[in-house]
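FYI, numbering that gives the first Met the number 0 numbers position 33 of the sequence shown as 32, with every residue one higher than the one before it.
Data first, discussion second: the structure below is written as structure tokens.
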Amino acid sequence: MLMAFANALILFYGMAKVLYLTYDGMTDPLGQAQIWPYLSRLRDRGHSITIVSFEKQVGEERLAAQRAQLQSAGISWKSFPYHKQPAIFSTLWDLWRMRQVASRILREEKFDIVHARSYLPAIVGFVLRRVYKIKLVFDARGFWIDERIE
0 MLMAFANALI LFYGMAKVLY LTYDGMTDPL GQAQIWPYLS RLRDRGHSIT
50 IVSFEKQVGE ERLAAQRAQL QSAGISWKSF PYHKQPAIFS TLWDLWRMRQ
100 VASRILREEK FDIVHARSYL PAIVGFVLRR VYKIKLVFDA RGFWIDERIE
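Here it is as structure tokens:
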């Protein structure tokens with residue numbers, strides 16, 4: 000799957016500049032097991048990657064170690080605190096924040112693609128696609144309700 004996506008990027012864009020949106024944290028086990036290997040391989044293939052993620056409270060030391068890992072791989076990372084309470088409003092706040100940050104990034108730099116990992120970042124991605132006329136990759140990963148149950 001990664002090879003197909005990377006080859007499609009090269010075919011259509013050469014070396015693409017990708018803004019990667021994820022509601023999963025890079026410090027989460029999922030971020031380490033799935034997102035990090037995927038994006039580091041894309042970076043190894045010459046693509047420029049900027050990540051916007053929301054991090055659960057893990058401490059400054061863990062955040063600094065993750066930032067160093069990404070920085071050494073040449074991946075830019077904008078991390079923000081994940082809000083859990085109050086349930087619905089905290090998610091809406093985080094999505095609004097993701098849209099604000101991603102919009103600022105897109106105004107400051109030219110990107111070829113916005114890659115939204117899962118459904119909530121895809122909401123932001125669809126808004127960005129419409130406003131900035133940018134290509135969007137929606138990486139569904141599963142059914143939204145299943146993701147919430149897990």
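By construction, the Cβ of each residue, glycine as well, lies at the ideal position given by its N, Cα and C atoms.
A quick note: this is a predicted structure, and the numbers were derived from the prediction, not measured.
Neighbour flag for residue i against chain D, beta carbons, 9 Å
{"i": "residue 65", "result": "The question asks about chain D, but that chain is absent: this structure has only one protein chain."}
Distance, residue j Cα to residue i Cα
{"i": "residue 41", "j": "residue 48", "result": "8 Å"}
{"i": "residue 32", "j": "residue 130", "result": "32 Å"}
{"i": "residue 29", "j": "residue 87", "result": "22 Å"}
{"i": "residue 134", "j": "residue 56", "result": "32 Å"}
{"i": "residue 111", "j": "residue 103", "result": "15 Å"}
{"i": "residue 74", "j": "residue 89", "result": "27 Å"}
{"i": "residue 22", "j": "residue 14", "result": "25 Å"}
{"i": "residue 84", "j": "residue 137", "result": "27 Å"}
With 16 other Cβ atoms within 10 Å as the buried cut-off, status of residue i
{"i": "residue 116", "result": "buried"}
{"i": "residue 121", "result": "buried"}
{"i": "residue 101", "result": "buried"}
Same chain, Cβ closer than 8 Å to residue i, neighbours up to 5 away in sequence not counted
{"i": "residue 98", "result": "123, 126, 127"}
{"i": "residue 25", "result": "31, 34, 35, 50, 52, 54, 65, 69, 76, 78"}
Extent of the continuous beta strand (DSSP E) run through residue i
{"i": "residue 21", "result": "16-21"}
{"i": "residue 77", "result": "75-80"}
Proximity of residue i and residue j at Cβ, strictly below 9 Å
{"i": "residue 77", "j": "residue 52", "result": "yes"}
{"i": "residue 39", "j": "residue 72", "result": "yes"}
{"i": "residue 105", "j": "residue 18", "result": "yes"}
Residue i, enclosing alpha helix (DSSP H) - first and last residue
{"i": "residue 122", "result": "118-131"}
{"i": "residue 100", "result": "86-107"}
{"i": "residue 138", "result": "Unbroken run through residue 138 is the beta strand (DSSP E), 134-138; no alpha helix (DSSP H)."}
{"i": "residue 43", "result": "35-43"}
Close Cβ partners of residue i (< 7 Å) along its chain, the five nearest in sequence each way excluded
{"i": "residue 61", "result": "26"}
{"i": "residue 92", "result": "82"}
{"i": "residue 96", "result": "79"}
Residues near residue i by beta carbon distance below 6 Å, same chain, minus five either side
{"i": "residue 58", "result": "none"}
{"i": "residue 114", "result": "17, 19, 136"}
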